[in-house]
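Visitor: Supplied in structure tokens, the structure appears directly below.
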Amino acid sequence: MADADQYTPVPLRQLAPLVAALIVKESLSGLDISGANVGDISIVDYTKTVNDAVAQALDAADAAAKTSEGVSQSVGAAVNASDSAQAVVAGAADMFAQSNALASMIVNNPEKFTNLGGWDASQNKPALTSSVGTEGDFYTVSVAGNTSLDGVTEWDLLDGVWFHNGVWNKLERAGYPSVAQSFQGLSGIIADQIILNSRTDKALSIRDILGNILYCIDQLGNIQTAGKSLLLGSTMFDCDAPTTWLFRQRDAQNNIAWGVRADGSPAFPAGAARADLGPVSVTIDAYPDGIRVKDPKGFVLLDTSGYWVAGNVGFSDDEIQQRDRLQLAQSAATMAADGNLKNAGPVWGYSFSLATGQSEMMGYVAIPALSTIQPLDNITFGLDPRGAKFGNDTNAWLPQGGDPSPKPLVAVNVNQDTYEIMDIATPVIYKPATVDVTVPQAMYIQISTTDTSIDFTTNFIVGQDIQCSGFTGAAAANNQTGGLWYSNYIKITALTAQSITGYCDGVWYKWNAVAVSGATGVHITPLRITRDFGEQQSISALNYFRQLQLNYHQMQMADTTRQLALVSTCVSGMPLWNLSKGNDQNVYERNPQVTQIVVDQAKANGKTAGMFLIEFCQGGSETTTNYDTYGALLEAYFADIKADCMAITGQTAEPFIEIVPISGMNMPFIGYNDICRAQVDYAFRTPGAYVATVGYPAIDYGGHYSSNGERYVGAMRAKVRHRVINQRLNWKPLIMETAEIKGQDVLIGCHVPYPPMVAVETWRGQEQIMESDKGFGAYDSVTGATIPVTAAEIVGATQIKLTLGQQPANPIWITYGDANHNGTGNIYDSDPATSSDVYEWWEGSGAPYSENLPDLIGKNYPLPNPMINYGLLVQI
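In structure tokens, the structure reads:
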């Protein structure tokens with residue numbers, strides 16, 4: 093041998109007798125083996141032979157070790173020492189050929205030898221009992237200990253525990269062969285004619301006896317195998333069909349999942365439902381035969397069957413789920429983005445908000461005013477943010493009460509004829525002992541009493557509206573009720589101390605009184621909600637916004653050095669053209685006029701002033717204005733206000749614009765939600781403008797909100813205002829974003845701020861309703877014909893599916909909350925927010941009995957976000 097690299101490896105088979113000899117030598121130590129034989133040799137002679145063989149082997153090993161230290165000087169000596177060791181081991185192998193287990197050697201009886209695993213001698217696990225066991229049971233000590241077992245109390249690691257002849261025997265270190273920590277070969281290890289080595293350029297290789305590589309890992313970790321398949325769990329990767337497949341993947345049932353054909357093309361067998369190939373997916377449909385190619389949003393790019401393109405079927409669950417996941421991600425990304433960082437925040441000594449629009453914004457018929465105490469430090473200039481006179485006339489904006497100095501911001505009741513503040517704080521309730529009702533003529537009623545303690549003239553006057561409660565039986569028709577309107581009420585035409593005569597007036601219809609004699613338990617109170625001005629949503633909005641602002645900045649007390657103020661230039665019943673600069677009575681000029689008053693008051697009190705917000709709610713009077721015309725007017729209106737008012741304040745940062753799009757029963761019939769769409773689209777394209785909410789969820793009196801309804805809308809606005817202005821986070825309301833038609837189905841994708849969407853009952857007038865179509869409408873864009881919506885269902889966190897009564901022939905408009913639905917709908921998100929204000933009602937305040945709702949009184953208003961009224965043009 094020329095060098096050590098050419099040494100012949102010692103097979104493991106040749107090392108086995110030496111290992112066995114060592115075991116026998118150690119295991120016989122301390123045992124009483126007199127009289128025992130191994131084959132024909134006495135155990136004593138046998139032991140001497142073993143000892144001699146072991147000694148020779150160890151001597152040879154020592155010689156090999158010493159020689160290897162100088163292997164560079166004497167390689168030949170190392171070879172000789174290795175040969176000698178192999179010769180000794182080979183000799184020992186002959187003597188041990190008939191012995192295959194230590195137990196059989198000791199007892200000269202190859203009976204049962206059953207290996208049962210490890211035994212914890214410290215805790216006796218598994219539990220062994222002296223003299224109890226099965227012949228041949230064998231354990232290896234895994235934890236040393238002192239458990240007493242048939243007289244043995246000392247057990248070392250890897251001792252054998254063997255049950256024989258009715259007792260447990262200790263075989264010292266009998267477990268060593270099975271737990272050897274490592275074997276080292278000079279050039280490899282041979283086991284059953286398989287060679288394991290790393291003597292090549294491979295990090296590890298396994299070869300057969302002829303040297304052929306079966307498996308190897310190179311220095312970079314790459315795996316090479318001579319086989320044709322690789323099994324990973326239940327999945328087989330193989331290339332054993334080269335005429336068909338270069339490569340393929342099979343499952344445990346041998347079904348091919350996918351592969352690469354011999355020509356290099358990817359292959360998805362007929363059993364595969366879909367192939368996703370980068371930006372498109374290819375789907376095979378069993379019925380009808382054909383394929384579809386879709387983009388990542390699920391839109392069909394190619395349809396060989398013609399089935400889907402023809403639009404004769406609806407949306408599959410898979411398509412809906414795919415779009416829902418995509419829309420959820422888009423909505424989450426929208427809500428997680430930063431908001432507007434440039435527009436003005438409330439940073440001045442007097443930071444004021446300017447409320448603009450028409451009656452929906454100014455508290456018309458919202459009687460009684462509820463926010464009569466300022467909870468923080470918000471102010472206005474004079475006694476009412478609306479000013480002294482706010483009709484469609486040439487009056488300038490002047491402070492209510494004449495004094496423009498800052499006053500606490502509170503809501504007041506104002507007579508619509510004189511614009512004077514009305515004091516209606518004291519409840520008015522008549523409770524006659526008995527009441528008689530007669531019907532002088534159709535639609536009229538006369539209420540009289542013999543109770544002389546009653547004098548109706550002390551609080552009632554001719555022309556006033558009143559309401560009754562407490563009638564029973566058939567006469568219950570005389571009570572004020574809810575329904576679509578605040579019916580029924582009585583307008584007084586004649587009055588005495590114990591008698592009232594009037595006609596029974598509904599808003600759109602009349603009702604007939606029911607005669608009754610001696611009725612008891614009847615209450616008669618004013619009904620003040622048919623006229624005049626009261627609670628303004630902008631007051632509750634600013635109060636709640638201020639509370640959120642202080643909480644956000646971790647301020648317990650109000651900061652009077654920087655106060656928030658509210659002023660209003662709203663005018664009831666005004667189209668936007670009339671409110672715009674240079675038109676009608678030029679009521680527009682009240683905007684710069686009130687701005688000048690704020691600035692003058694700030695200077696007088698040593699403060700700065702600036703406009704941080706323009707509030708806007710208008711549109712109920714736009715009966716003929718279309719989308720394009722209104723959109724242009726809105727652009728000009730806000731541009732004029734910002735330019736004129738910022739010139740007065742001297743600020744450079746523009747105020748935010750908060751829009752509450754028109755909704756509810758004041759929704760115009762023009763176009764397809766034209767006014768609302770124009771308002772929403774303006775907000776979406778204009779930096780600093782945003783849509784806070786819509787008002788249709790509020791309890792209302794037709795086109796106007798109740799006092800509680802005003803405060804609800806204000807709280808909704810404050811919640812969003814806090815997010816946009818205080819937190820500077822992005823905001824987009826719950827709204828339809830996409831729509832697609834397939835056959836008679838329309839799938840609508842919605843931006844949802846707080847998923848999932850839910851369908852709940854909505855207030856419409858004085859009742860809660862659930863529309864069968866949830867508020868959605870469909871219209872032929874060419875003919876204008878209504879297409880029935882036979883079903884509307886939420887089919888995902890962001891998806892709504894409409895079923896139409898017929899398949900459209902032309903592109904269609906899909907609307908939500910249009911005038912044909914009284915401007916309402918039933919779709920909300922799952923925002924858990926609530927207001928700081930609570931629902932209030934007390935008898936005799938002027939509010940209708942239909943709002944006496946015990947389940948609501950004293951509780952905060954829930955503030956989930958309603959879907960915004962809107963419209964989408966959908967192609968077919």
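Numbering (our numbering), first residue to last: 93 to 968.
By construction, the Cβ of each residue, glycine as well, lies at the ideal position given by its N, Cα and C atoms.
1) DSSP state of Gly684, grouped into three classes?
2) Counting beta carbon pairs with one atom in the segment 724-733 and one in the segment 462-476, are three or more of them shorter than 8 Å?
3) In whole angstroms, give me the CA-to-CA distance for Asp766 and Glu746.
4) On the premise that Ser799 lies in contact with Ala458, defined as a C-beta separation below 8 Å, what is that separation, rounded to the nearest angstrom?
5) Does the distance from the CB of Gln858 to the CB of Gly574 come in under 8 Å?
6) Reducing DSSP to helix, strand and coil, say where Glu746 ends up.
7) With distances taken between CB atoms, is the gap from Glu802 to Ile762 smaller than 8 Å?
8) Quick check on DSSP: helix, strand or coil for Asp409?
9) Could you check whether the segment 419-435 touches the segment 680-698, counting it as contact only if at least three pairs of C-beta atoms, one from each stretch, sit closer than 8 Å?
10) Would you mind sorting Gln710 into buried or exposed? The rule is 16 or more other CB atoms within 10 Å of its CB.
11) In terms of residues, what are the limits of the alpha helix (DSSP H) holding Gln891?
12) Output the distance between the C-alpha atoms of Met862 and Ile919, rounded to the nearest integer angstrom.
13) Roughly how far, in whole angstroms, is the beta-carbon of Tyr908 from the beta-carbon of Arg769, given that I think they are within contact range, below 8 Å?
14) Out of curiosity, what's the CA-to-CA distance linking His814 and Leu821?
15) Runs of 3 residues minimum, wholly inside the segment 215-247: which ones carry the beta strand (DSSP E) assignment?
16) Along the chain, where does the beta strand (DSSP E) that runs through Glu829 open and close?
17) Taking the CB atoms as reference points, tell me whether Pro847 and Leu420 lie closer together than 8 Å.
18) Go ahead and label Ala586 buried or exposed: buried means 16 or more other beta carbons lie within 10 angstroms of its beta carbon, across all protein chains shown.
19) Measuring straight from C-alpha to C-alpha, what distance separates Ser873 and Val850?
20) Tell me whether Gln860 sits in a helix, a strand or coil according to DSSP, three-state version.
21) Rounded to the nearest angstrom, how far is the Cβ of Thr526 from that of Thr544, given a contact under 8 Å?
22) With burial defined as no fewer than 16 other Cβ atoms inside 10 Å of the residue's Cβ, what is the status of Asp792: buried or exposed?
23) Reducing DSSP to helix, strand and coil, say where Ser937 ends up.
24) Under 8 Å: do the segment 934-950 and the segment 901-915 share three or more Cβ pairs, one atom per stretch?
25) From what residue to what residue does the alpha helix (DSSP H) around Phe637 run?
26) Can we say the segment 587-596 touches the segment 512-519, given the rule of at least three CB pairs closer than 8 Å?
27) Rounded to whole angstroms, what is the Cα-Cα separation between Val244 and Ala213?
28) From which residue to which residue does the beta strand (DSSP E) around Phe329 run?
29) Assign Met738 to one of three DSSP states: helix, strand, or coil.
30) Around the C-beta of Leu955, are 16 or more other C-beta atoms found within 10 angstroms, so that it is buried, or is it exposed?
31) Using 10 angstroms around the beta-carbon of Asp557, count the other beta-carbons present and answer buried if the total reaches 16, otherwise exposed.
32) Write down every uninterrupted run of the beta strand (DSSP E) in the segment 666-713 whose length is 3 residues or greater and which is fully enclosed by it, in chain order.
33) May I ask you to report which of helix, strand or coil DSSP gives Ile949?
34) What's the call for Met808, buried or exposed, on a 16-neighbour Cβ count within 10 Å?
35) Looking at the unbroken alpha helix (DSSP H) that takes in Ser799, where does it start and where does it end?
36) Quick check: what's the CA-CA separation for Asn697 versus Trp489?
Guide: The answer reads as follows:
1) Walking along the sequence shown from the start, residue 684 turns up at place 592. First, the residue type needs correcting, since residue 684 is Pro and not Gly in the sequence shown. Helix, per DSSP.
2) The segment 462-476 is not in contact with the segment 724-733.
3) Numbered from its first residue, the sequence shown carries residue 766 at position 674. Numbered from its first residue, the sequence shown carries residue 746 at position 654. If I take the Cα positions, the gap works out to 27 Å.
4) Position 366 of the sequence shown, counted from the start, is the residue given in the question as residue 458. Position 707 of the sequence shown, counted from the start, is the residue given in the question as residue 799. Confirmed, about 5 Å.
5) Start at 1 with the first residue of the sequence shown, and residue 858 comes out as number 766. Start at 1 with the first residue of the sequence shown, and residue 574 comes out as number 482. Yes, these two residues count as a Cβ contact at 8 Å.
6) Here the question's residue 746 lines up with position 654 in the sequence shown. Glu746 sits in coil when the DSSP states are folded into three classes, being neither helix nor strand.
7) Working through the sequence shown from its first residue, we reach residue 802 at position 710. Working through the sequence shown from its first residue, we reach residue 762 at position 670. For the pair Glu802 and Ile762, the CB atoms are not nearer than the 8 Å cut-off.
8) Numbered from 1 along the sequence shown, position 317 holds the residue referred to as residue 409. Reduced to three states, the DSSP call for Asp409 is helix.
9) No, the segment 419-435 does not touch the segment 680-698.
10) For this step, residue 710 is matched to residue 618 along the sequence shown. So Gln710 counts as buried.
11) For the purposes of this step, residue 891 is taken as residue 799 along the sequence shown, with counting starting at 1. From DSSP, Gln891 is part of no alpha helix (DSSP H) but of the beta strand (DSSP E) over Gln891 to Leu896.
12) Position 770 of the sequence shown, counted from the first residue, corresponds to residue 862. Position 827 of the sequence shown, counted from the first residue, corresponds to residue 919. For Met862 and Ile919, the distance between alpha carbons rounds to 10 Å.
13) In the sequence shown, counting from the first residue as 1, residue 908 sits at position 816. In the sequence shown, counting from the first residue as 1, residue 769 sits at position 677. Wrong, their Cβ atoms sit about 11 Å apart, outside the cutoff.
14) Sequence index remark: in the sequence shown, residue 814 carries index 722 (1-based). Sequence index remark: in the sequence shown, residue 821 carries index 729 (1-based). One alpha carbon belongs to His814, the other to Leu821, and they sit about 9 Å apart.
15) Listed in chain order, the complete beta strand (DSSP E) runs (minimum 3 residues) inside the segment 215-247 are 229-235.
16) Working through the sequence shown from its first residue, we reach residue 829 at position 737. Start and end: Ile827 to Lys834.
17) Counting from one through the sequence shown, the residue named residue 847 turns up at place 755. Counting from one through the sequence shown, the residue named residue 420 turns up at place 328. Yes, they are a contact pair.
18) Numbered from its first residue, the sequence shown carries residue 586 at position 494. Exposed: under 16 other Cβ atoms inside 10 Å.
19) Indexing the sequence shown from 1 puts residue 873 at position 781. Indexing the sequence shown from 1 puts residue 850 at position 758. Roughly 29 Å separates the two Cα atoms.
20) For the purposes of this step, residue 860 is taken as residue 768 along the sequence shown, with counting starting at 1. Three-state DSSP puts Gln860 in a strand.
21) Position 434 of the sequence shown, counted from the first residue, corresponds to residue 526. Position 452 of the sequence shown, counted from the first residue, corresponds to residue 544. Not quite, the Cβ-Cβ distance comes to about 12 Å (not below 8 Å), so this is no contact.
22) Walking along the sequence shown from the start, residue 792 turns up at place 700. Within 10 angstroms of the beta-carbon of Asp792 lie 16 or more other beta-carbons, which makes it buried.
23) Mapped onto the sequence shown, residue 937 falls at position 845. Coil at Ser937, not helix or strand.
24) Not touching, per the Cβ criterion.
25) For this step, residue 637 is matched to residue 545 along the sequence shown. For Phe637, the enclosing alpha helix (DSSP H) starts and ends at Gln629 to Tyr644.
26) At 8 Å Cβ cutoff, the stretches do not touch.
27) The count along the sequence shown starts at 1 and reaches residue 244 at position 152. The count along the sequence shown starts at 1 and reaches residue 213 at position 121. Cα-Cα distance, rounded: 11 Å.
28) In the sequence shown, counting from the first residue as 1, residue 329 sits at position 237. Per DSSP, Phe329 belongs to the beta strand (DSSP E) from Thr327 to Asp330.
29) Indexing the sequence shown from 1 puts residue 738 at position 646. The three-state reading of DSSP puts Met738 in helix, counting H, G and I together.
30) Here residue 955 corresponds to residue number 863 of the sequence shown, with the count starting at 1. Buried, by the Cβ-count rule.
31) As a working mapping, residue 557 is identified with position 465 in the sequence shown. By the 10 Å Cβ count, Asp557 comes out buried.
32) Listed in chain order, they are 701-709.
33) Within the sequence shown, numbered from 1, the residue matching residue 949 stands at position 857. The answer is strand: DSSP assigns Ile949 an E or B state.
34) Numbered from 1 along the sequence shown, position 716 holds the residue referred to as residue 808. So Met808 ends up on the buried side.
35) Along the sequence shown, read from residue 1 onward, the residue named residue 799 stands at position 707. In this chain, the alpha helix (DSSP H) harbouring Ser799 covers Ser799 to Arg813.
36) Position 605 of the sequence shown, counting from 1, holds the residue named residue 697. Position 397 of the sequence shown, counting from 1, holds the residue named residue 489. Taking the straight line from one Cα to the other gives about 21 Å.
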